[in-house]
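2 protein chains.
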Amino acid sequence: MKYAPTPFCRDRALVGELASRVLKGDHRALGKAISIIEGGGPARRKLIQEIYPRTGNAFTIGITGPTGTGKSTLVNKAIEEYRKRGRKVGVLAIDPSSPLTGGALLGDRLRMMDHSLEREVYIRSMASRGDVGGLARAARNTIRLLDAAGMDVVIVETVGAGQTEVQVATAVDATVVVLMPQLGDEIQAFKAGFNEIGDIFVVNKADITNPAKTIFNIASGVEEKNGWRPPVLKTVAPKGTGVVALVDALEKFGKFLEERGLREGRMRQRLEAELMEAAFSDFCDEAANRLKGEKSWRLILGQVSKKELDPETAAGRLVKIIGKLDGTPNA
Amino acid sequence: MKYAPTPFCRDRALVGELASRVLKGDHRALGKAISIIEGGGPARRKLIQEIYPRTGNAFTIGITGPTGTGKSTLVNKAIEEYRKRGRKVGVLAIDPSSPLTGGALLGDRLRMMDHSLEREVYIRSMASRGDVGGLARAARNTIRLLDAAGMDVVIVETVGAGQTEVQVATAVDATVVVLMPQLGDEIQAFKAGFNEIGDIFVVNKADITNPAKTIFNIASGVEEKNGWRPPVLKTVAPKGTGVVALVDALEKFGKFLEERGLREGRMRQRLEAELMEAAFSDFCDEAANRLKGEKSWRLILGQVSKKELDPETAAGRLVKIIGKLDGTPNA
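Chains S and W, in that order, are what the protein sequence lines are.
Quick note on this note's numbering: the first sequence kicks off at 42 and runs consecutively.
Quick note on this note's numbering: the second sequence kicks off at 42 and runs consecutively.
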């Protein structure tokens with residue numbers, strides 16, 4: 042009698058096969074694997090289990106900044122430069138389908154597709170609509186897939202508007218913040234946010250006006266961290282101006298992290314934050330469903346609705362109930 | 042011997058006194074109380090306990106939309122119109138100190154301060170930097186304070202960029218989305234987000250160009266909900282054009298909610314979401330601290346760092362550990 046696998050076993054076997062094709066650098070397998078990661082189902086866990094031991098080799102780069110600063114073109118040119126240096130490059134473009142910027146990246150992404158034809162470049166986009174924590178997690182696992190597939194460099198491109206995008210843009214070895222002259226408010230606001238996350242700053246579109254003032258403003262807000270003073274570079278992406286210097290700076294920063302033994306520590310810190318987030322997110326999803334089945338939840342909600350109990354006291358009581366929930370149904 | 046209150050009792054007594062002054066409509070007490078809410082300490086709970094039974098009377102309005110659509114001026118004019126109708130108005134302006142829009146509202150807020158001189162208007166701003174969930178919670182409780190202080194109308198002004206701002210802008214009876222002609226991408230993106238949250242739409246700055254196309258685009262994306270078709274209004278805020286119609290529409294919507302018995306149900310839904318969020322946020326804060334003290338946490342983190350365990354399997358194990366944490370320290 043032939044062995045008849047259950048659907049679960051068959052899925053596991055298929056995921057195992059997919060993983061081994063990803064590890065060989067198969068682009069079609071990579072595409073399927075990323076879709077599994079995005080889907081967030083149980084196969085995701087098996088997949089990550091298989092490929093995780095083979096990660097940690099790629100140098101990972103986050104590229105972020107306001108909309109309209111020309112990040113995609115800059116990423117295009119950086120890919121070309123990395124190709125000249127013989128590196129395999131994986132790109133993950135986060136497409137911000139938020140009310141304010143939705144769809145803006147689509148054209149950019151299509152322009153990037155020239156590179157997809159090459160064997161040593163893999164480009165993928167991911168929508169940022171929907172569940173916030175889920176995106177950061179999917180992005181981290183996609184970086185892992187690209188890494189395990191043998192990419193030497195993995196670039197994640199985001200628009201730095203929201204908490205998630207910043208989270209994604211900093212889940213990497215090096216974060217590049219792209220700005221441009223004449224940003225006005227954005228440059229003012231720069232000091233409030235971007236200056237903390239950038240390891241390298243770029244003033245792109247440096248040909249539209251004299252960028253000296255913008256560069257000065259940025260440089261004066263930048264602080265040295267662990268012996269690295271983030272450089273402020275000037276680029277004109279469509280012409281490729283300054284792109285060699287940008288890739289040089291990235292490689293220099295990579296070496297700096299290795300030589301100082303900082304890369305490990307930074308990885309561990311990111312891992313710590315990631316595990317906390319993932320575990321609490323999963324816990325809360327499960328516990329919220331169980332809580333909604335509890336009599337005490339309906340009772341408390343009713344009391345607050347009738348103003349017999351205030352929301353803050355109610356939250357305190359619910360915290361205790363959550364702590365005592367177990368896996369057994371007790372509605 | 043005189044009774045010597047412990048600091049805790051004294052704080053409770055002070056908060057009790059503050060609450061009773063808030064309930065009498067004392068603006069200085071209101072200012073202090075909002076600061077306590079913003080601070081997020083234990084006094085917050087006592088304060089909300091005291092004032093919560095006296096809430097639910099104010100009609101609460103969220104005003105949101107992209108930066109630069111003139112929301113603050115529109116709010117100014119709406120305040121004037123409400124004052125003419127004899128209503129007391131409380132305003133909470135969320136100041137988005139995000140990298141992309143930081144500080145932009147400061148000028149607007151200062152311009153609004155004319156109204157602060159009046160006894161029947163109270164205006165307060167709140168920074169949106171930092172903890173995301175915390176802001177939504179502080180905003181909800183600030184709305185409660187303004188409500189309990191006797192305001193007939195409470196307006197919350199946000200910039201609708203992020204998840205939090207949308208959360209805040211919809212924690213109210215009526216949500217007004219403010220757009221303008223020539224928004225281009227924003228109007229395109231409109232269909233992706235704002236159209237779901239608005240009860241009333243406003244095309245402000247209707248004098249800069251013919252707004253007909255913008256109005257048509259919005260109106261064609263708007264859907265009837267429970268028998269209410271969100272109107273699309275035209276305003277020129279600095280001149281006050283269309284402001285009477287906006288306040289009329291808000292009052293009409295308020296009546297609609299009452300007459301259909303929808304207000305209660307909407308409140309209960311908001312309360313349900315709020316209690317879930319608050320309880321899980323508090324639970325996770327406490328549990329994360331306890332988890333960090335657990336041997337098993339350090340063990341798992343170490344295994345993942347050494348690639349002996351993958352992050353997804355680790356998250357699964359941590360979920361089980363979180364479920365078993367209790368209040369007793371066991372590092």
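Glycine included, every Cβ here is placed at the ideal spot set by N, Cα and C.
* Of all the options S:Gly268, S:Lys333, S:Gln310, which has the alpha carbon lying nearest to the alpha carbon of Leu342 (chain W)? -> S:Gln310
request  = Answer with buried or exposed for Glu249 (chain W), where buried requires no fewer than 16 other C-beta atoms within 10 angstroms of its C-beta.
outcome  = Strictly speaking, residue 249 (chain W) in this sequence is Ile, with Glu absent from that position. Label assigned to Ile249 (chain W): exposed.
inquiry  = Would Leu94 (chain S) pass as an interface residue toward chain W - the criterion being a Cβ-Cβ separation below 8 Å?
reply    = Here residue 94 (chain S) is Pro; the residue named in the question, Leu, does not match the sequence. Yes, because at least one Cβ of chain W sits closer than 8 Å to the Cβ of Pro94 (chain S).
*Using 8 Å as the threshold, is the region 236-253 of chain W in touch with the region 128-137 of chain W, meaning 3 or more CB pairs across them?*
no
*Quick one: does Pro271 (chain S) have its CB under 8 Å from some CB of chain W?*
no
For this session: Would you kindly check if the distance between the Cβ of Val197 (chain W) and the Cβ of Gly97 (chain W) is under 8 Å?
Result: no
Below 8 Å between beta carbons: does that hold for Ala99 (chain W) and Val195 (chain W)? yes
inquiry  = Considering only the alpha carbon of each residue, which of S:Arg339, S:Leu71, S:Ser76 lies closest to Asp188 (chain S)?
reply    = S:Leu71
Exercise. Go through the region 183-212 of chain S residue by residue and report every complete run of the alpha helix (DSSP H) that reaches 4 residues or more, in order.
Key: 204-210
Scan the region 299-318 of chain W for residues whose Cβ lies nearer than 7 Å to a Cβ of chain S and list them as they occur along the chain.
Arg309, Leu312, Glu313, Glu315, Leu316, Met317
Asp326 (chain W), buried or exposed, once every other Cβ within 10 Å from all chains shown has been counted against 16: exposed
Worksheet item: Looking only at its own chain, which residues have a Cβ that is under 6 Å from the Cβ of Gln344 (chain W), when we skip the five neighbours before and after it?
Response: Leu350
Can you list, in chain order, the residues of the region 346-360 of chain S whose Cβ is nearer than 9 Å to any Cβ on chain W? Ser346, Lys348, Glu349, Leu350, Asp351, Pro352, Glu353, Thr354, Ala355, Ala356, Gly357, Arg358, Leu359, Val360
Item to complete: Would you identify the three-state DSSP class for Asp214 (chain S), choosing helix, strand or coil?
Response: coil
Task: Straight-line gap, Ile363 (chain W) to Lys254 (chain S) (C-alpha atoms, nearest Å) - done: 51 Å
Nearest to Ala190 (chain W) by alpha carbon, out of W:Ile241, W:Ile77, W:Arg95? W:Arg95
In the structure shown, what three-state DSSP assignment does Thr105 (chain S) receive? strand
- Message: Does Gly384 (chain W) come out as helix, strand or coil in the three-state DSSP assignment?
- Response: Here chain W covers residues 42 to 372 and nothing more, so residue 384 (chain W) does not appear.
- Can you tell me whether DSSP reads Leu115 (chain S) as helix, strand or coil? helix
Proximity below 8 Å, CB of Leu220 (chain S) to CB of Ala74 (chain S):
no
What residue does the beta strand (DSSP E) around Ala290 (chain W) start on, and which one ends it? No beta strand (DSSP E) contains Ala290 (chain W), which is instead part of the alpha helix (DSSP H) from 284-300.
* Asked: What are the boundary residues of the beta strand (DSSP E) that includes Gly131 (chain S)?
  -> 130-136
| field | Cutoff 7 Å; reference Leu316 (chain W); Cβ partners in own chain excluding five residues on either side | value | none
Residue nearest to Arg124 (chain S) in terms of C-alpha spacing, selected from S:Met192, S:Gly175, S:Leu88
S:Met192
> Any idea which residues DSSP pairs Arg165 (chain W) with across the strands?
Replying inline: W:Leu133
Please check if any C-beta of chain S sits within less than 8 Å of the C-beta of Leu71 (chain W).
no
Apart from the five residues on each side of it in sequence, which residues of its chain come closer than 8 Å, Cβ to Cβ, to Arg301 (chain S)?
Asn267, Gly268
Review point. Along chain W, which residues have their Cβ under 8 Å away from the Cβ of Gln223 (chain S)?
Key: Residues of chain W passing the Cβ test: none, with the nearest at roughly 15 Å.
Which residues in chain W have a C-beta closer than 8 Å to the C-beta of Val363 (chain S)? List them in chain order.
Reading off the sequence shown, one finds Ile at residue 363 (chain S), where the question assumed Val. Those within 8 Å of Ile363 (chain S) in chain W are Ala320, Phe321, Phe324.
### Message
If the criterion is Cβ atoms closer than 8 Å, does the pair Ala119 (chain W) and Val360 (chain W) meet it?
### Response
no
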